[in-house]
Every structure is written in C-alpha cells, then in structure tokens.
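> In the working numbering, the protein residues as written are 606 to 1080.
Here it is in structure tokens:
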C-alpha cells in the first residue's frame, strides 16, 4: 500500500485526474506484453511534463518508495512490471514533438511519442527515424531508449542508440539533466550510450533528441520462398558473405505464414516452410544488380521462387505481413510468449533446428519470426495461459532456447531487454565479478535501488521469488 500522505502529495503534483488508484483500473498496468508475469502496482501516476516527473521522483525518493517508468506497455521482457509497494510512472501522456530541425537532421521528442509518429511527422519532407521495431505503431521513443530497440531495418541503419543524440533525463533523486549534445559527439564519457539500453534502472528518460535520416532514393524488395528453414537461413549468411548489405532480411516460418494469411490474405504460400523478405536500398544505379545477386543466391540455396514487389503497394503489403505478424498469431492461439535471442548468422540453421527440437520435447507449437540479417531470433511459443502446467513448459522451453543461443556463441537478448524474464540467465553469460561491476555502475546512478528495482541483474533480493512464485530463486 502507498501511504495516504504520499498519495496526497502526488495528487498535488499531477492532479486527481492523472492518478489511477482503484484496484480494477490498476489491473490494466499489471504487465506489459510479457504476460507470463503479472503484478498490479500500488499506484499509477501519469505526469504530463518533465517537471512533474521530477517532482514525483523527488517525492517517492524522499519517502523511500520504489518507482517504475513505463511507456506504451509493448515491452516483451517484463521490464515495466511493478510490485504492490511501488508506484508506476506512466509516460504515455508526454507525446509532444517539441521541435523538428530538418536543416540539422534532428528532432526533439518527448518519451511518450510513438516510434512511427516520429517518422510520419517528417515523411513528407523525405526523412525518417530509422529504427523501426515491429510494434512501431504503438511503442514509444522512451521505451525504445530503455531497451535499445532494433527492428527489421536496423541491419543496415543500426539500433536505437545509433540514432540518439541527446537525452533529457530525470535522475533517481529527481534532478533534471541534459545528457549528450545535438552535434552527436559530446566530450567526455558516452553517457547516452550508457543510459540507452539500461532498461530504466539508471533514471527516467523524459525526452530525446533523435537523428533523422534521409529516405533512401530507391528500394527493391524481394520475397523468396523456401521448402526448408535451413535453406532460408543459409541464404542470409551467403548474401552477407557476398559483400551485399541489405537494408533488411526477415524470415517468417510456416506457422507465421498461416497466421498472416488468415489475417491479411496477401498471397503468401501456405505450403512453404519459410519465406524471406530481402530489401536492398540506396542509389538506383546498381541497385537492380544487387537485387539480382541476392535472387541468384536465394535460388542457389533452393528457393523455389523469388519475386520482386512490383510497386509500393506490394512492398507495403509485404511489410505489413511482417510487422503485424505477431499480432496475427492471436487468430490461431489463446496465448503466446515471444522470445528474443541472438546468434552469429552462420549459426541460424543449427539454432532453428534446436528450437524445433525444444518445442517438440515440451509439446509446444512454435512459430518463428527472425531478424535474420543480424541473427536476432523471435521464436513465439504458443500455449493456453489458463493451463498452469503448460505455462511452466513455456517458461522452461524459453530458457532452453536462450541457453542454446549461448552455446552457439550468442546472447540472451537482441532488443527486448532482460527485464524480469531473463535475470537468472545472466550468470550464464557473465562471471560474478562482471555482474558485480555492473551492479556498482548501476549504484552510481541508482544508489538506493528505488528506480525500476529487481530488473536485469540477479541480486540478493531474490528476483524470481518476487516475480515468479514456483520458479527457482535468482543465483
């Protein structure tokens, strides 16, 4: 319970209309898109500006009450889950684009601005915000910064941190700081690079100055159809090895194709084992030759067909099928859990076989979405969350998939973050000394552990005892 005196103080900061107090209303905030763990916060506060965020943090810090920042709630690792003794600070009211400076190719936006809204604001002038997570219609810039989100086109363009110039940042004591600079090369330590990806454990990002990129002058988008997942994933490595750097290479397997066709009827082949979307962009001269090379490599690897999108409408339909694929799976399953791991591209064929074996052993259906160009896998485990035993099988299978990533020279997250989901896998990647060094760094920003506690790192608090009863305690 949040003490009444604290609630009165918070009410004076944001007003009663920006407080969510009833148990029924707070249930809407009990999880993010990682639905395996649910905890209602003790209170939800919805500030409308940076000054209010800072005042809220000063209040809570002064009373020793934990607090958790939350954006659009599209996170997939439980990074914004809050316990009953903590306050959730929702940033979704902070949706102002403060300024757009096309001459210097930048924009300053508040944390609650949706990723796609940023691109739409500058699209008519020929610019974009390059990072494009599949949830970009809803996910916010603040959340993108928290997890260092990626997306299909980050193979060529880079992830979120490569497009953040500066941050407006509320420290864990409630001070407002400006981190970085608009020129993108601030003297001293790279604090922007440190904060982006820290999953809200160092403080709260309230605004970001983002780099805008010119839209490519020409694009070629191909759809390659394969009889086996192995052929599709080998094609990815072969294209990169040939010296071609596509803008994107995305794989969808048969399970995803089934769901997408049921939802959108765009003409994907239901009898294919996998399809690969290959996109090259840049100056028109030479682009057709790159597309022809990629087509030849796909055919050499057994692609039964490769076709190019004839126009922008066809290209948009292909990307709609990819970016809305996870949501389309709701048509064929009651519940699903999306995993997130990374391996070297050359390990993708073996890893996909590992995933199939793990799913079969746990008697689970799996569908695979893969940012194949950079080895970032998203196996989606389908189940019924009303069945407790089935839910435990999903948790165990997810862990085994990530362990397989580690064995193949990869890691446990590419863009979703660690959150609460993957805490007890961290010791498989890092030594006790490594983890202690990271904890000391976090303590420099968050000395009392009040800001987004019990995330990322196994510590003495027993993270899994708090968040997942029945699961083993954190190491």
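Beta carbons are placed, not taken as given, at the ideal position from N, Cα and C, and that holds for glycine. As the structure is a prediction and not an experimental result, all values here were calculated from the model.
With a cut-off of 8 Å, do at least 3 Cβ pairs link the segment 643–650 to the segment 998–1018?
No, the segment 643–650 does not touch the segment 998–1018.
> With DSSP as the reference, identify every bridge partner of residue 941, one or two as the case may be.
For residue 941, which the question treats as bridged, DSSP gives the partners 987.
> Is it true that the segment 801–811 meets the segment 744–751, where meeting means three or more beta-carbon pairs spaced less than 8 Å apart?
Short answer: they touch.
> What does a CB cutoff of less than 7 Å around residue 1065 pick up in its chain, not counting 5 residues either side in sequence?
At residue 1065, the pLDDT of 44 sits below 50, so the modelled position is not reliable; the number obtained from the coordinates is stated separately. Here the set comprises nothing.
> Note down the Cα distance separating residue 623 from residue 694, rounded to an integer number of angstroms.
Distance between the alpha carbons of residue 623 and residue 694: 10 Å.
> Please tell me whether residue 926 has its Cβ less than 8 Å away from any Cβ of chain D.
Chain labels in this structure do not include chain D; a single protein chain is all it has.
> Is the CB-CB distance between residue 672 and residue 1044 below 8 Å?
Not closer than 8 Å, so no.
> From what residue to what residue does the beta strand (DSSP E) around residue 910 run?
That run of the beta strand (DSSP E) goes 910–913.
> Do the segment 1023–1042 and the segment 779–794 touch if we need at least three Cβ pairs shorter than 8 Å?
Output reads no: the segment 779–794 does not touch the segment 1023–1042.
> Out of curiosity, what's the CA-to-CA distance linking residue 931 and residue 837?
Whole-angstrom Cα-Cα distance: 20 Å.
> Here's a check: name, in chain order, each residue in its chain whose Cβ is nearer than 8 Å to the Cβ of residue 841, leaving out the five neighbours to either side.
These residues qualify, in order along the chain: 854, 856, 881, 950, 953, 977 and 978.
> Between 1003, 746, 961 and 983, which has its C-alpha nearest residue 677's C-alpha?
Nearest C-alpha to residue 677: 746.
> Under 8 Å, do residue 716 and residue 812 count as touching if we go by C-beta distance?
Yes. Within cutoff.
> Using the three-state DSSP reduction, which class does residue 668 fall into: helix, strand or coil?
Here residue 668 sits in helix by DSSP.
> Would you grab the beta carbon distance between residue 755 and residue 1020 for me? Rounded to a whole angstrom, and I think it's under 8 Å.
Their Cβ separation, rounded to whole angstroms, is 4 Å, which keeps residue 755 and residue 1020 in contact under 8 Å.
> In whole angstroms, what separates the C-alpha of residue 847 from that of residue 827?
Approximately 17 Å between the Cα atoms of the pair.
> How about residue 878 and residue 908: are their beta carbons less than 8 Å apart?
No. Outside cutoff.
> For residue 916, count neighbouring C-beta atoms within 10 Å of its own C-beta (all shown protein chains included) and say buried if the count is 16 or more, exposed if not.
Flag for residue 916 reads exposed.
> Inspect the CB distances between the segment 627–646 and the segment 676–692 and report whether three or more fall short of 8 Å.
Yes, the segment 627–646 is in contact with the segment 676–692.
> Taking 8 Å as the cut-off, decide whether the C-beta atoms of residue 1024 and residue 684 are in contact.
Yes.
> Quick check on DSSP: helix, strand or coil for residue 732?
Three-state result, residue 732: strand.
> Let's test the definition: count the other Cβ atoms within 10 Å of the Cβ of residue 825 and tell me whether it reaches 16, buried, or not, exposed.
Buried, since its Cβ has 16 or more Cβ neighbours within 10 Å.
> Using DSSP bridges, identify the partner residues of residue 874.
None; residue 874 has no bridge partner.
> Going by other Cβ atoms of all chains shown within 10 Å of its Cβ, with 16 needed for buried, is residue 1060 buried or exposed?
With 16 or more Cβ atoms within 10 Å of its Cβ, residue 1060 is classed as buried.
> Could you check the C-alpha separation between residue 830 and residue 631 for me, to the nearest Å?
If I take the Cα positions, the gap works out to 45 Å.
> For residue 1014, which residues in the same chain have their Cβ closer than 6 Å to its Cβ, ignoring the five residues on either side in sequence?
The answer, listed in chain order, is 949.
> Could you tell me the distance, in whole angstroms, from the CA atom of residue 626 to the CA atom of residue 839?
Distance between the alpha carbons of residue 626 and residue 839 is about 53 Å.
> Mind checking whether residue 980 and residue 947 have CB atoms under 8 Å apart?
In this structure, residue 947 lies closer than 8 Å to residue 980 by Cβ.
> Between the segment 757–764 and the segment 713–728, do three or more beta carbon pairs fall short of 8 Å?
No, the segment 757–764 is not in contact with the segment 713–728.
> For the ligand MN, I want to know if residue 926 counts as a neighbour, meaning its beta carbon is within less than 7 Å of at least one of the ligand's heavy atoms.
Absent from the structure shown: the ligand MN. Ligands present: none.
> Which stretch, first to last residue, makes up the beta strand (DSSP E) that contains residue 886?
Element bounds for residue 886: 879–887.
> Whose C-alpha, out of 1030, 944, 996 and 975, is nearest the C-alpha of residue 680?
Residue 944 is the option with its Cα nearest to residue 680.
> Do you know offhand how far residue 940's Cα is from residue 612's?
So the two alpha carbons sit approximately 36 Å from each other.
> Expressed to the nearest angstrom, what Euclidean distance is found between the alpha-carbon atoms of residue 618 and residue 797?
Residue 618 and residue 797: Cα-Cα distance of roughly 29 Å.
> Quick one: what does DSSP say residue 706 is sitting in, helix, strand or coil?
Strand at residue 706.
> In angstroms with no decimal places, state the Cα-to-Cα distance between residue 740 and residue 961.
So the two alpha carbons sit approximately 25 Å from each other.
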